[in-house]
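Protein chains: 4
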Amino acid sequence: MSPGPNNAITDVGEVRVGHVTLCSGREIRTGVTVILPHPGNLFREKVVAAVHVINAFGKVAGTTQVEELGVLETPIALTNTLSVGVAWNGLVEHALRVTPSLTSVNPLVGECNDSYLNDIRSRHVKPEHVLEAIDVAASGPVPEGVVGAGTGMTCYGWKGGIGTASRRTPAALGGYTLGALALANFGDPADLRIGGVSVGASLLPPPPAEAASGGSCVVVLATDAPASSRQLGRIARRVQNGLAWTGTFGGHRSGEYVFAFSTARTVPDRQAQPSLPVRELAEDGPAIEALFRATAEATEEAVINALFTARTVEGVDGHIQYELPVDEVLSLLQRTQERQ
Amino acid sequence: MSPGPNNAITDVGEVRVGHVTLCSGREIRTGVTVILPHPGNLFREKVVAAVHVINAFGKVAGTTQVEELGVLETPIALTNTLSVGVAWNGLVEHALRVTPSLTSVNPLVGECNDSYLNDIRSRHVKPEHVLEAIDVAASGPVPEGVVGAGTGMTCYGWKGGIGTASRRTPAALGGYTLGALALANFGDPADLRIGGVSVGASLLPPPPAEAASGGSCVVVLATDAPASSRQLGRIARRVQNGLAWTGTFGGHRSGEYVFAFSTARTVPDRQAQPSLPVRELAEDGPAIEALFRATAEATEEAVINALFTARTVEGVDGHIQYELPVDEVLSLLQRTQERQ
Amino acid sequence: MSPGPNNAITDVGEVRVGHVTLCSGREIRTGVTVILPHPGNLFREKVVAAVHVINAFGKVAGTTQVEELGVLETPIALTNTLSVGVAWNGLVEHALRVTPSLTSVNPLVGECNDSYLNDIRSRHVKPEHVLEAIDVAASGPVPEGVVGAGTGMTCYGWKGGIGTASRRTPAALGGYTLGALALANFGDPADLRIGGVSVGASLLPPPPAEAASGGSCVVVLATDAPASSRQLGRIARRVQNGLAWTGTFGGHRSGEYVFAFSTARTVPDRQAQPSLPVRELAEDGPAIEALFRATAEATEEAVINALFTARTVEGVDGHIQYELPVDEVLSLLQRTQERQ
Amino acid sequence: MSPGPNNAITDVGEVRVGHVTLCSGREIRTGVTVILPHPGNLFREKVVAAVHVINAFGKVAGTTQVEELGVLETPIALTNTLSVGVAWNGLVEHALRVTPSLTSVNPLVGECNDSYLNDIRSRHVKPEHVLEAIDVAASGPVPEGVVGAGTGMTCYGWKGGIGTASRRTPAALGGYTLGALALANFGDPADLRIGGVSVGASLLPPPPAEAASGGSCVVVLATDAPASSRQLGRIARRVQNGLAWTGTFGGHRSGEYVFAFSTARTVPDRQAQPSLPVRELAEDGPAIEALFRATAEATEEAVINALFTARTVEGVDGHIQYELPVDEVLSLLQRTQERQ
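Taken in sequence, the protein lines are chains A, B, C and D. Under the working numbering, think of the first position of the first sequence as 1, with each following residue one higher. Under the working numbering, think of the first position of the second sequence as 341, with each following residue one higher. Under the working numbering, think of the first position of the third sequence as 681, with each following residue one higher. Under the working numbering, think of the first position of the fourth sequence as 1021, with each following residue one higher.
See below:
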């Protein structure tokens, strides 16, 4: 399937992505990434949403209400493990500013652990960084690699971070766009596969100075298909296939979560009428299956894009996470493909 | 809230209920009850549906696909614990007859254990009984008490069985009807409450000849509100409140399941277009809340109606299950209400 | 069933409860309540735990990891809706202080909305309040009513707040203790039932000055029974019965969550051996069923205790939430019981 | 990781597998496969178990009780889509025979759709076939390919069926064995990957005479690790990675279920004591992670083994499903590996 114009989650509707990268001194290697389903007031104009948990060894906030009500009412914030509460506060601060009468709101926050490169215990992320990330959020091309929440992340032993990709389904199947954004911080080095090729069998990163604590991956999915929350849940469950295609078996400490939303319509905060007309994605034509395939493909590529765009980073305690040697990988892939 | 014209699940749309009662000799006290969301071909014209599990110490078939796809594609069959497979076969037989090309279908079956009165091990229920129950299914008033799947059931130590009730929400909240049908076979005698009054504290049934095996309760909900499968799941979760109002704390062996569907629209088996227009119940007006209250009320009354309509039954091994002494109960309720 | 010595969650093992009550000026009516499964380092010595969601229209953090791994590794914090992130930060701060090498931890936070009495938008709760609540947490009798997280809460239209109760199972069934602590902030006034008596039918609070936003209820369960996380989940599901016994049908906006843990053993952070010996609660004797009944009873009483102990509070915008007129209620209950 | 002696699910404890293959005339191409956790009375001596649903477009019976109680109390039966009820009846018949007093039992049945090769509507499977499969169930090598429930199945457009594999974890991590048995009936031909190599890109089966209805995959996992039901659920979730490694993105109509059990101990039907001593797999050492990897690997290989062992079958309506051309595949794999 072919990608959208930016091969990014921003190919979907009016989705915006904002990064704040905190990289200073020898020990601050962290940040915040926010994803905005649309540029308006999300509390007043919610979007249909779902959460899928692959492996809940990870900290999140806000998932249960999304599952109950099937809507998202704030931007999604991604950050490091010990900053979930801070990001939550930032999203609340934002909601209070844009909605004067608001007394209740459900922020959605995901995280990965960047403690190998970042002095995570000092908690350098502040609520202001979330507000700033929302402010700078933009449509169009999305910066990838060592940026935002991805600043201090590690993937298959190489420098990881933020990656994104998108896919378009055929016009006859709705011509929908599906985008994935991954905060990629997972995987055992020897397991890495790219395009099916077992890169990890030939090419390993230098061993870490000491064992890192866990991994994790948060994948945000956006689509303009008019999927219900139940259908978004089904779509979200195909992220695991995309992650598996990069080689992972799903580590014990790798917290893996999917947050999915549709931009096809907004759901008003209060509804005067007992019912309302909506469009719903057909369940039993091939339209939804095309979105399943799009999800697995975009997820796989988002992770690989994180690896391809991330640069070597030195961080706390002199720890270094090396970038994937892209040229070597490309020649390995080329050799393999030539002979198949 | 006020009930519909029949105070029964058949007050909803074109819902039909059919019973086949197997009561012969000294040991056959069982049967089948089917609920048809509409009289047409359910496989071709499915209905939106949900399942909620309160306590899964109970045997069911078909729940997972209903949860995945959000639709029901056969009638619902209720029977005894060891006849789930037979009822499943009966529903398949029916589906094959009405849909010549069909090679896959997902029957939905629930059960309770009637082994105190019924020679359950001899498995007297046959697939033909399911077909017959579908044939005789009718709209209008629903026979309650010792009938269909309820023939051999016990509730709070008294003779239980089938009960039903309905509620209508105010016109301004949609004017929807919600009906509940309970296969009531649960509860400790001392716990029975009717209208809040602790009947079980004053009035106990004769002790059983030997301990019965488990209890259970299956509640089927129907509504003409255009609820999505997610919303039907939320509605279904209020059944537990209605059951609790009859006094139960939720016994370990009391398998409690809810099957809920909406008659507001049908979902075609195959969908040519990538999306389709539908109406959806408003989430955040009071319309859905009225359905929650309707659910708890109709569930409570369905159970009480089962108790009020069931007559004393003698069954296998000379076991007798006595009917609730309705006159005594009514005077107890009256005395209590007078003095409040 | 009979209560423990304090009729409180602190009757279980070494459980401690700490409140910080923020009540000053005309507009601050809020606070924090923490529950400590034991006084040691919870990250190093976790406890077996489970979460059950009754209605997820409510904000929580930390539930998914508890469900995945079956353990709790921080105190539980309860606070107001807009302070979940702050409480999360407080729990992280505490974890970092007591565990120097920690770089990842999963705080568990629940909330209810106190915006009718409290200027919730100004977010007066600070991380320090969580640390203070942990510091002052004590075993023995638990302050109830207008205290801690319960300071600004409302229940069935009367002043609500914190309530607790406990039950002991018979010695032959293990002689286990189960305690419940409720943050009670839910219910429609006309629905209130106490001991089965429909108090709300006779006795209504003055109508509120304006519609309050939502309700909610968080119930924390503790037991010394050696329940597995799966079994704790089963126990937790009986909270809904206890809540229903107080009259509620389960409102749309009433976020209802249960956090349950066992003090029977601790789970070390790192385990050197591939397996370890543990004791597990029998599933199919009556021991677990006694805990189910204890749960429903203790939950019901915890809510009623919150109503009985809470005093009238005036708060933001001159809003007043009146205390339940206990003498009137008691005479109503007495009249009803005499005549049954 | 290395396989056990038979590279089969029977490498685990006393696990037995039995097939009944129904292959006669031009139109009967179906069967039954049963998996016995041990040769004793499973109702009296249950095993710890879990179910995981990847995509519930599939019919099963018995999953909810396994999830609630965490035990399996019958053999597992696999068969075709329209025979779930029949298999259920066969398992009940077996349970009644071996346990004279039994009046309630929870059979566990999974299915895939073999209607492309098999005259599924005529329902040739009978309860006797389940009893026979239990009778012939054996330890040791497991017949694979066109056998038992796999007789009429299709996988990635080639002839599929039954496959099995096992893995042993290192002695320091418990030295546990994990076995997988797959009923493989899923996948788009172009997606097939073997050992990472995109076989489907080079080698496609002849196109089918007409579109087949759906696919599906049921994977049964057995391990001698003393995993709790929650831990077995975690293990089961890694099956999706193993399936994804064979190339699939997870089709809409591909019902994918995992049934997992542990042979480490048995759980008696009735328990006289309130609690009992058990061993439990360590959660946070590497022991559980080794089982995760074992699961993904054994699942992948079980599917590939089904493809490698299945022979070409002609069935109903002259439909032919061709066997994978193993020699061509092996040379393709060899060429690719040489050049990496």
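Cβ coordinates follow ideal geometry from the N, Cα and C atoms, glycine included.
Along the chain, where does the alpha helix (DSSP H) containing residue i start, and where does it finish?
i, result
"T1243 (chain D)", "Element bounds for T1243 (chain D): not the alpha helix (DSSP H) but the beta strand (DSSP E), 1235-1243."
"L631 (chain B)", "626-649"
"G540 (chain B)", "539-542"
"H434 (chain B)", "424-438"
"A511 (chain B)", "A511 (chain B) -> no alpha helix (DSSP H), and no H or E assigned at all."
Nearest by alpha-carbon distance to residue i: which of the options is it?
i, options, result
"G711 (chain C)", "C:R724, C:S763, C:L782, C:A688", "C:S763"
"V98 (chain A)", "A:L117, A:E328, A:T74", "A:T74"
"G720 (chain C)", "C:V947, C:S909, C:N865", "C:V947"
"L281 (chain A)", "B:L616, B:L436, B:T586, B:K499", "B:L616"
"S364 (chain B)", "B:A565, B:D459, B:R578", "B:D459"
"P906 (chain C)", "C:G854, C:G738, C:F988, C:G930", "C:G854"
"V355 (chain B)", "B:L362, B:N346, B:T361", "B:N346"
"L561 (chain B)", "B:E468, B:A551, B:F397, B:L572", "B:L572"
"T103 (chain A)", "A:Q240, A:F43, A:A298, A:V313", "A:F43"
"H932 (chain C)", "A:E68, A:L22, A:R29, A:V34", "A:E68"
"A767 (chain C)", "C:G998, C:V822, C:I715", "C:I715"
"T563 (chain B)", "B:C495, B:P377, B:N581, B:A584", "B:P377"
"E637 (chain B)", "B:R619, B:V352, B:T603, B:A584", "B:A584"
"P328 (chain A)", "A:V219, A:A306, A:P205, A:H52", "In the sequence as presented, Pro is not what sits at residue 328 (chain A); that position holds Glu. Of A:V219, A:A306, A:P205, A:H52, the residue nearest in Cα terms is A:P205."
"P127 (chain A)", "A:V109, A:L330, A:S139", "A:V109"
By DSSP's criteria, residue i is part of a beta bridge. Which residues make up the other side?
i, result
"V1125 (chain D)", "DSSP lists no partner for V1125 (chain D)."
"K1079 (chain D)", "Paired residues: none, contrary to the question."
"S1135 (chain D)", "According to DSSP, S1135 (chain D) bridges with nothing at all."
"H19 (chain A)", "A:T33"
"P277 (chain A)", "B:R619"
"L752 (chain C)", "C:V727"
"E1087 (chain D)", "In DSSP, E1087 (chain D) forms no bridge with anything."
"I534 (chain B)", "B:V537"
"V352 (chain B)", "Looking at the DSSP assignment, V352 (chain B) forms no beta bridge with any residue, so it has no partner."
"A165 (chain A)", "A:A180"
"T1174 (chain D)", "D:K1179"
"H392 (chain B)", "B:V598"
"A1158 (chain D)", "D:V1037"
From what residue to what residue does the beta strand (DSSP E) around residue i run?
i, result
"R1143 (chain D)", "Neither: R1143 (chain D) is in no beta strand (DSSP E) and is coded neither H nor E."
"N1205 (chain D)", "1197-1205"
"G255 (chain A)", "254-268"
"N1100 (chain D)", "1096-1100"
"L1344 (chain D)", "Here L1344 (chain D) belongs to no beta strand (DSSP E), and DSSP marks it neither H nor E."
For my contact list, residue i and residue j are in at a C-beta cut-off of 8 Å; report their separation, rounded to the angstrom.
i, j, result
"I1029 (chain D)", "G1199 (chain D)", "3 Å"
"R293 (chain A)", "M1 (chain A)", "6 Å"
"V772 (chain C)", "G255 (chain A)", "Not confirmed; about 16 Å, so no contact."
"K499 (chain B)", "E663 (chain B)", "5 Å"
"G492 (chain B)", "G655 (chain B)", "6 Å"
"R873 (chain C)", "G536 (chain B)", "6 Å"
Taking C-beta pairs closer than 9 Å, name the residues in chain G that residue i reaches, listed in chain order.
i, result
"I460 (chain B)", "In the displayed structure, chain G is absent; the protein chains listed are A, B, C and D."
Report the residues of the region 736-755 of chain C with a CB closer than 8 Å to any CB of chain A, ordered along the chain.
So the list reads A736, F737, G738, K739, V740, A741, G742, T743, T744, Q745, E747, E748, L749, given in the order they occur along the chain.
Using a Cβ-Cβ cut-off of less than 7 Å, list which residues of the region 765-779 of chain C approach chain A; keep chain order.
Under the 7 Å Cβ criterion, the region 765-779 of chain C contributes G765, V766, W768, N769, V772, L776.
In chain order, what residues of the region 930-960 of chain C put their CB closer than 9 Å to some CB of chain B?
Answer in chain order: G930, G931, H932, R933.
Would you list, in chain order, the members of the region 160-181 of chain A that have their beta-carbon closer than 7 Å to a beta-carbon of chain B?
Near chain B, meaning a CB-to-CB distance below 7 Å, the residues of the region 160-181 of chain A are L173, G174.
Residues of the region 545-574 of chain B with a CB closer than 8 Å to any CB of chain A: list them in chain order, please.
Per Cβ criterion, the list reads A565, P566, S568, S569, R570, R574.
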